[in-house]
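*Asks:*
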Amino acid sequence: MTSQARNTYEFGDFRLDPAKRLLLRDEKPVALTPRVFDTLVVLIENRGRTIEKDELMKALWPDSFVEESSLAQNIFQLRKALGEGLSEEAHYIETIPKRGYRFVADVIEIFPQGTPKRASKAEIEEAQGFSRHLSLKSPYLIALLVIVVLVPTLYYLIKNAGTEHATNLSEPVRSIAVLPFKPLVSQESDEQLRLGMADALVTKLSNLRELTVRPTSAVLQYTDVRQDPIKAGRELGVDSVLDGTIQRSGDGIRVTVQLLRVSDGVPLWADKFDEQFTDIFTIQDSISEQVTRALALKLSSDERSKLAKRYTDNTEAYQAYIKGRYFWDKRTEEGLKIGIEHFQKAIELDPTYALAYAGLADSYNMLSYYGNTPPGQNFPRARGAATRALELDDTLAEAHTSMAYVKMVYEWDWTGAETEFKRALELNPNYMLAHLWYAEYLRMMGRYEESIAQGEISLRLDPLSVMAHTNLGRTYLMARQPEKAIEHFAEALTFEPTNAFAQISLGRSYAEQGKFDEGIAICKKAQQLSDGGAATVVLGYIYSLQGRPEETRKILREMETVAKRRYVSPYTLAMLNADIGEKDKAFQWLDRAYDERSEFLVGVKADPRFDYLRSDPRFIDLMQRLGFSDLPVTTPKQL
Numbered sequence: 011m012t013s014q015a016r017n018t019y020e021f022g023d024f025r026l027d028p029a030k031r032l033l034l035r036d037e038k039p040v041a042l043t044p045r046v047f048d049t050l051v052v053l054i055e056n057r058g059r060t061i062e063k064d065e066l067m068k069a070l071w072p073d074s075f076v077e078e079s080s081l082a083q084n085i086f087q088l089r090k091a092l093g094e095g096l097s098e099e100a101h102y103i104e105t106i107p108k109r110g111y112r113f114v115a116d117v118i119e120i121f122p123q124g125t126p127k128r129a130s131k132a133e134i135e136e137a138q139g140f141s142r143h144l145s146l147k148s149p150y151l152i153a154l155l156v157i158v159v160l161v162p163t164l165y166y167l168i169k170n171a172g173t174e175h176a177t178n179l180s181e182p183v184r185s186i187a188v189l190p191f192k193p194l195v196s197q198e199s200d201e202q203l204r205l206g207m208a209d210a211l212v213t214k215l216s217n218l219r220e221l222t223v224r225p226t227s228a229v230l231q232y233t234d235v236r237q238d239p240i241k242a243g244r245e246l247g248v249d250s251v252l253d254g255t256i257q258r259s260g261d262g263i264r265v266t267v268q269l270l271r272v273s274d275g276v277p278l279w280a281d282k283f284d285e286q287f288t289d290i291f292t293i294q295d296s297i298s299e300q301v302t303r304a305l306a307l308k309l310s311s312d313e314r315s316k317l318a319k320r321y322t323d324n325t326e327a328y329q330a331y332i333k334g335r336y337f338w339d340k341r342t343e344e345g346l347k348i349g350i351e352h353f354q355k356a357i358e359l360d361p362t363y364a365l366a367y368a369g370l371a372d373s374y375n376m377l378s379y380y381g382n383t384p385p386g387q388n389f390p391r392a393r394g395a396a397t398r399a400l401e402l403d404d405t406l407a408e409a410h411t412s413m414a415y416v417k418m419v420y421e422w423d424w425t426g427a428e429t430e431f432k433r434a435l436e437l438n439p440n441y442m443l444a445h446l447w448y449a450e451y452l453r454m455m456g457r458y459e460e461s462i463a464q465g466e467i468s469l470r471l472d473p474l475s476v477m478a479h480t481n482l483g484r485t486y487l488m489a490r491q492p493e494k495a496i497e498h499f500a501e502a503l504t505f506e507p508t509n510a511f512a513q514i515s516l517g518r519s520y521a522e523q524g525k526f527d528e529g530i531a532i533c534k535k536a537q538q539l540s541d542g543g544a545a546t547v548v549l550g551y552i553y554s555l556q557g558r559p560e561e562t563r564k565i566l567r568e569m570e571t572v573a574k575r576r577y578v579s580p581y582t583l584a585m586l587n588a589d590i591g592e593k594d595k596a597f598q599w600l601d602r603a604y605d606e607r608s609e610f611l612v613g614v615k616a617d618p619r620f621d622y623l624r625s626d627p628r629f630i631d632l633m634q635r636l637g638f639s640d641l642p643v644t645t646p647k648q649l
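Each residue of the sequence shown is one higher than the one before, starting from 11 at the first, in our numbering.
1) Output the distance between the C-alpha atoms of Pro-277 and Gly-381, rounded to the nearest integer angstrom.
2) Beta carbon of Glu-119, beta carbon of Asn-56: below 8 Å?
3) Quick check on Val-251: buried or exposed, where buried means 16 or more other Cβ atoms within 10 Å of its Cβ?
4) What span of residues does the beta strand (DSSP E) with Asp-601 cover, start to end?
5) Could you check if Ser-625 is buried or exposed, using at least 16 other CB atoms within 10 Å of its CB as the buried criterion?
6) So within the region 443-500, which uninterrupted alpha helix (DSSP H) runs reach at least 4 residues, ignoring any that extend past its ends?
7) Inspect the beta-carbon positions of Ser-412 and Ala-463 and report whether they are closer than 8 Å.
8) Please state if the CB of Pro-190 and the CB of Val-248 are separated by a distance shorter than 8 Å.
9) Since I believe Ala-545 is in contact with Pro-580 (beta carbons under 8 Å), could you give me their beta-carbon distance rounded to a whole number of angstroms?
10) Between the C-alpha atoms of Glu-428 and Glu-408, what's the straight-line distance to the nearest angstrom?
11) Could you tell me the alpha carbon to alpha carbon distance between Tyr-420 and Gln-598, rounded to whole angstroms?
12) Select from Tyr-415, Val-301, Leu-92 and Lys-192 the residue whose C-alpha is nearest the C-alpha of Thr-255.
13) Using C-beta distances below 8 Å, list every residue in its chain close to Glu-606, excluding the 5 sequence neighbours before and after it, in chain order.
14) Measuring straight from C-alpha to C-alpha, what distance separates Tyr-622 and Pro-492?
15) Is it buried or exposed, Val-223, if we count other Cβ atoms within 10 angstroms and call 16 or more buried?
16) Taking buried to mean at least 16 other C-beta atoms within 10 Å of its own C-beta, is Gly-334 buried or exposed?
17) Considering only residues of the same chain and omitting the five flanking positions on each side of Arg-457, which have a CB-CB separation below 6 Å?
18) Measuring CB atoms only, is the region 321-330 touching the region 297-306, in the sense that at least three cross pairs come out at less than 8 Å?
19) In the DSSP assignment, what are the bridge partners of Tyr-19?
20) Are the beta-carbon atoms of Phe-291 and Asp-261 separated by less than 8 Å?
21) Apply the 10 Å Cβ neighbour rule to Thr-288 and answer buried if 16 or more other Cβ atoms are within range, or exposed otherwise.
22) Based on the DSSP output, what are the partners of Arg-271 in its beta bridges?
23) Between the region 525-542 and the region 559-570, do three or more beta carbon pairs fall short of 8 Å?
24) Given Ala-500, which residues of its chain have a CB within under 6 Å of its CB, disregarding the five upstream and five downstream residues?
25) Please tell me whether Arg-453 and Val-416 are closer than 8 Å, where the distance is taken between their beta carbons.
26) If you follow the beta strand (DSSP E) that Pro-277 is part of, which residue opens it and which one closes it?
27) I'd like to know whether the C-beta atoms of His-498 and Leu-482 end up nearer to each other than 8 Å.
28) Once the 5 residues before and after Ile-496 are set aside, which same chain residues still bring their CB inside 6 Å of it?
29) For Arg-45, does the three-state DSSP call read helix, strand or coil?
30) Once DSSP output is grouped into helix, strand and coil, what is the label at Ser-97?
31) Around the C-beta of Glu-570, are 16 or more other C-beta atoms found within 10 angstroms, so that it is buried, or is it exposed?
32) Going by DSSP in three states, Arg-89 sits in which element: helix, strand or coil?
33) According to DSSP, which residues form a beta bridge with Gln-257?
34) Please return the same chain residues whose Cβ sits closer than 7 Å to the Cβ of Ile-514, not counting the five positions on each side in sequence.
35) Locate the alpha helix (DSSP H) running through Gly-543, then write down its first and last residues.
36) Just confirm the distance between the C-beta atoms of Ser-378 and Ile-350, as a whole number of angstroms; I'd bet it's less than 8 Å.
Here's what the structure looks like:
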């Protein structure tokens, strides 16, 4: 697949270079979003045949459920870029009604000079016939060929057997993506083990300061067994990729792995391991050590110690932990609850497993947000788990990050939270979640320039992260710069068109610009993608900005009715009352949010929804109780 990805295609006035992710028309670049570009590549690689809609959507959104409207929008944008109107005869993309699409233009495929070409069946048969002819007619010639060709080849293989390739690293390799390991047999379904193997290596390698490591969340989309690792590396913007396969059979495990340089596809190192499953930690140690050797990284004694560090020696506990992280990454109420069960099992099997305690803390930290449950039900448990993790291992960046989040959103210990975030980043500058949450902290403090700087770092660590883009967009929105916020929310939606939070935030950003109809339309679409709660509340805000308070009152009554059936944060009801000018009721709900230590209350300092309340003595009192009294309340108009 690597060689195929390096081919270029010419059609009409266009030249497509998938490797460089570039479309040219008369040698001038044509702007395409990443998803629209991928749509063109898939169509051209399957030119001449009808691609069913389901097949095309699966190729473009392998890990997401999307509606046909998203695909239709992609095709519309692509046709527009190619200069093909909807009413015109199809010169490039033909629509097959109720089925799919077909690329109909003539395409010239250009192979790079020197690219190996797979021999045809006729060529193979001809070569075999030539070989038989030699064996019958020219025994001395065969002997000569063995001496000239085979002997040097054997010498090279013997000389390099069991060692990494002595590749010339004239191009420095300072970033890496560890792709999810693939099954040796495509029908195998142990996805958690394959992702867990990658996650374990990410954890080890991210401790190396000379190496930027993409977080596990960045590579989750590359689980397809047909995935071209070089293409994945280019999309992730890294210098190298670690790609491997894993197969478990009974008590045995087989792992093959290769380290590839993305710029030219050259293998820097490769190896195979056949071990007992109980030796999986030894395999991880060996891979990490060989990667650092192949990349010629200079390690400090502390880094060497961290690289060799094992968080548990219990393979069953390890399996439970990787299952917990697998479900935690889904960021849903159900996923978090299943993750908690697996983390607890890991702790039962190994009570000294600090990393499992950190995973448990993270799950409880997120459960109030995704699970609509009272904060007092989850955050004390998160604090207990984070405390135990730090007691077991004070050098664990994950544990310091978990504790920082508790201090930030539940305890309102601003100094303590920042100390924990800084300690986490000191221990592991590559820990993307620490940068992400620290950026959130800085935004709540009104320190927007610093928040943006942390947000940019999180994006450098994970350029395809929907969370990183939405978090950065949120900072621009709170800084009263909706135009910049829109850029990041729109970018997030190119990666995940069905992300409700990004859609809600985009809708609100349009409303802050006075584009109320656009904002309402986007939020109504977001209502269909989620339980509707967050999107409905933002709709109430937009209606109030538009001068339609009765619509906001209607939404307020709906949320009050919902609150009788399930938990609704009092902060939500405070916002809606503030939207319609009900100051007294807004402060009543804010006080209730304070009493139950609502995690959303930390946003009150920066949220424009409360701007007109800021001069009220009750608001100033609330700021003092929250510990914001020594911090500026006003926000900059420009950064």
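Backbone N, C-alpha and C define an ideal beta-carbon position, used for all residues, glycine too.
*Replies:* Once the coordinates are examined:
1) 45 Å
2) Using a Cβ distance threshold of 8 Å, Glu-119 and Asn-56 do not count as a contacting pair.
3) buried
4) Annotation for Asp-601: no beta strand (DSSP E) segment contains it, though the alpha helix (DSSP H) segment containing it runs 593-605.
5) Residue burial is scored here from C-beta neighbours: Ser-625 has fewer than 16 other C-beta atoms within 10 angstroms and is therefore classed as exposed.
6) 458-471 and 476-488
7) Cβ distance not < 8 Å, so Ser-412 and Ala-463 don't count as in contact.
8) It is not a contact, given that the beta carbons lie outside the stated cut-off.
9) Contact flag wrong, Cβ pair sits at about 19 Å.
10) 15 Å
11) The straight-line gap from Cα to Cα measures roughly 20 Å.
12) Lys-192
13) Pro-384, Pro-385, Gly-386 and Pro-580, listed in sequence order.
14) 19 Å
15) buried
16) buried
17) none
18) no
19) The partner list for Tyr-19 (beta bridge, DSSP) reads Leu-26 and Glu-119.
20) no
21) exposed
22) Answer is Ser-250.
23) no
24) none
25) no
26) Per DSSP, Pro-277 belongs to the beta strand (DSSP E) from 277-286.
27) yes
28) Ser-519
29) helix
30) The predicted model places Ser-97 with a pLDDT of 41, which falls under 50 and marks its position as unreliable; any figure quoted below should be read in that light. Here Ser-97 sits in coil by DSSP.
31) exposed
32) DSSP places Arg-89 in helix when its eight states are reduced to three.
33) Gln-257 is bridged to Arg-264.
34) Cys-533, Ala-536, Ala-544, Ala-545 and Val-548
35) 543-555
36) At roughly 13 Å, the Cβ-Cβ gap does not stay under 8 Å, so Ser-378 and Ile-350 are not in contact.
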